[in-house]
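So the structure is just underneath, and the comments pick up after that.
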Amino acid sequence: MKRFAVNITLAFSLLAGGLLLQAKAHQKGIVRRDPLPYSEDWRLAFRTPDPRGGPPFNHTLRSVKPDGTENDFLWGMRAPLSTSNTISFTFTPNGQTFIYSISEGTYTQERGREPRRIMGTVDRLSVSPDGRKLLYTKDVGRAGGIDIFTSDLDGTGEVRVTNDPKNDVNPSWSPDGKKIIFTSDPLGWHGLVVINADGSGRRRLTEDVAVPRMRYDGAVWSPDGRRIAFVGTALDLPPEARPHAEQIYVMNVDGTGQIKLTSGDFLYNSLRWSPNGAQLSFCRRNYTPSTSYDDIFVMESDGRRLTNLTNTSDISETRACWFLTRR
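Structure, rendered in C-alpha cells:
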C-alpha cells in the first residue's frame, strides 16, 4: 500500500493537453520593460498548485526562463508531488539530477529516469557546489529543535553540523563548499551564523546583543564569495512603519556594508543569486493577508530592474531555484 501511494504521488506522465497556468492580472506598480540579461542555459524551477486540481495542497513543479517566457512543467512533464503543503527541492550543478523531499521521504531522480528514495523527509535541501554533498535541515525531536545536516548525494554518510536547543534553519553553502551560513535564534530572534561544513569554527556574523535592531533570514552567498544577500526585518521602527520592515539587503561577507535593495510592503522568501551573480531571484507576497499570494521576481543585484516572472493574482508560486538546462 505504501509503495502504491508513493508511486501515485511521484508518477511522471508526459504533458499532453495539459492546462497551462495563465497569468491572471498584472500586479500594480510592476511594469516589465527590457528583459534582464541571462543565459539560455539557465531556468528557474518553482512549486505551484497542480492545475488538474485534487486535494488543496496538491502541487507540481514548473520552470520559467529568467525573462518570464516559456513557463511550462519542469522538463516538459507533469509531476504530482504531494498532498502535503511542504516540499523542498534542489538540482545538481549539471541540472540533470533533481532531488526533492516530500511527506513520503526524500528522492533523487535523474532526468528521464524513475525517482529513487534515499532517506526520510528533510527541508531546505541544497547541493554543494562540487555536486557531491547534500545540505538540509530536519527536526530532531526536541521542542523547536531543528538542526543542520550534510550527507553524501545518495543520503549516506550523514553529518550533524549543528546541535542547538533552538532552531538552526535556512542553511546555504559558500561558493567553495567549505562553509555554511544559516539563521539561528538562540536569543529568541534570528541572527546569522557561519560555520565550517564539518561543524567546527562556528561564529556569529551579525550583532549579538540583547535588543537587536535587525532580524536576519534566508542568507545566500554570491557566486564570487564577496557578498551575502539576506532578508532583513528592522526591529527598531515605529509602529506606523512596521509594514515596511521586511526588505532584501546585501552586505560584505564580514557583515559590514549593509545596503537595502527593496522597498514597499511585501514579504520575501526563497532568495537566490543567479549563477553569474548578476541577478537575485526571490518569491514575494503582498503584506496584506487578503492578497497574500506569492509571485517570482528577479532583479539586478543592485536592486534595479525588478521583473515579475509569474504574475498571477490568485495562486502562489514558491521555492524558486536556478538550474542548468544544457545537457
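Under mature numbering (1 follows the signal peptide of the UniProt record, and there is no 0), the letters of the sequence shown match residues -25 to -1, 1 to 302, in that order.
Glycine included, each C-beta is placed from N, C-alpha and C at the ideal position.
Where do the ends of the beta strand (DSSP E) carrying Tyr191 lie? Met189 to Trp196
Among residues of its own chain, excluding the 5 on either side of Asn227, which ones have a beta-carbon nearer than 8 Å to its beta-carbon? Arg201, Arg202 and Ile203
Identify the residues that DSSP records as bridge partners of Asn283: which are they? Phe272
Report yes if the CB atom of Ser249 is closer than 9 Å to the CB atom of Asp269, and no otherwise. no
Would you call the CB atoms of Ser238 and Cys296 closer than 9 Å? no
When we look at the beta-carbon of Glu221 and count the other beta-carbons within 10 Å, is it buried (16 or more) or exposed? buried
Give me the Cα-Cα distance between Gln254 and Ala194, rounded to the nearest whole angstrom. 15 Å
Which residue comes first and which comes last in the beta strand (DSSP E) that contains Ser245? Phe241 to Trp248
Looking at the structure shown, is Leu49 part of a helix, part of a strand, or coil, going by DSSP? helix
Given this structure, state the Cα-to-Cα distance separating Ala20 from Arg37, to the nearest angstrom. 6 Å
Measure the CB-CB distance between Thr158 and Gly230 and report whether it falls below 9 Å. no
Helix, strand or coil at Ile5 [DSSP, three-state]: Low local confidence applies: a pLDDT of 36 at Ile5 is under 50, so the model's placement there is unreliable, and no value is given.
Measure the CB-CB distance between Ile223 and Gly166 and report whether it falls below 9 Å. no
Which residue from Ile74, Leu236 and Gly174 puts its Cα closest to that of Arg86? Ile74
Same chain only: Cβ atoms within 8 Å of Ile62, ignoring 5 sequence neighbours per side: Arg22, His34, Leu56, Tyr75, Ser76, Ile77 and Arg294
With DSSP as the reference, label Pro104 as helix, strand or coil. coil
Are Gly174 and Thr137 closer than 9 Å when you measure CB to CB? yes
Buried versus exposed call for Pro213 [16 or more other C-beta atoms within 10 Å across all chains shown]: exposed
For Asp122, list the residues DSSP reports as bridge partners. Lys113
Backbone CA spacing between Asn235 and Asn261 [nearest angstrom]: It is worth fixing the name first, because residue 235 is Lys in this sequence and not Asn. Roughly 18 Å between the two C-alpha positions.
Within 10 angstroms of its Cβ, does Asn283 collect 16 or more other Cβ (buried), or is it exposed? buried
Same chain, Cβ closer than 8 Å to Arg91, neighbours up to 5 away in sequence not counted: Tyr82, Thr83 and Gln84
Could you tell me the boundaries of the beta strand (DSSP E) in which Lys154 lies? Lys154 to Ser159
Taking all protein chains shown into account, decide if Thr44 is buried (16 or more other Cβ within 10 angstroms of its Cβ) or exposed. exposed
Are the CB atoms of Leu109 and Thr125 nearer to each other than 9 Å? yes
Confirm, please, whether the CB-CB distance from Gly95 to Gly80 is below 9 Å. yes
Going by other Cβ atoms of all chains shown within 10 Å of its Cβ, with 16 needed for buried, is Arg39 buried or exposed? Note on identity: in this sequence residue 39 is Val, with Arg being the wrong assignment. Answer is buried; the Cβ neighbour count reaches 16.
Are the beta-carbon atoms belonging to Glu134 and Thr112 less than 9 Å from one another? Note that residue 134 corresponds to Val in the displayed sequence, not to Glu. No, these two residues do not count as a Cβ contact at 9 Å.
How long is the line joining the alpha carbons of Pro150 and Thr287, rounded to whole angstroms? 33 Å
Assuming Arg179 and Asp211 make a contact with CB atoms under 8 Å, what is their CB distance in whole Å? Incorrect: roughly 19 Å between the Cβ atoms, too far for contact.
Report the CB separation of Lys154 from Asn142 in whole angstroms; it is logged as a contact under 8 Å. Contact flag wrong, Cβ pair sits at about 20 Å.
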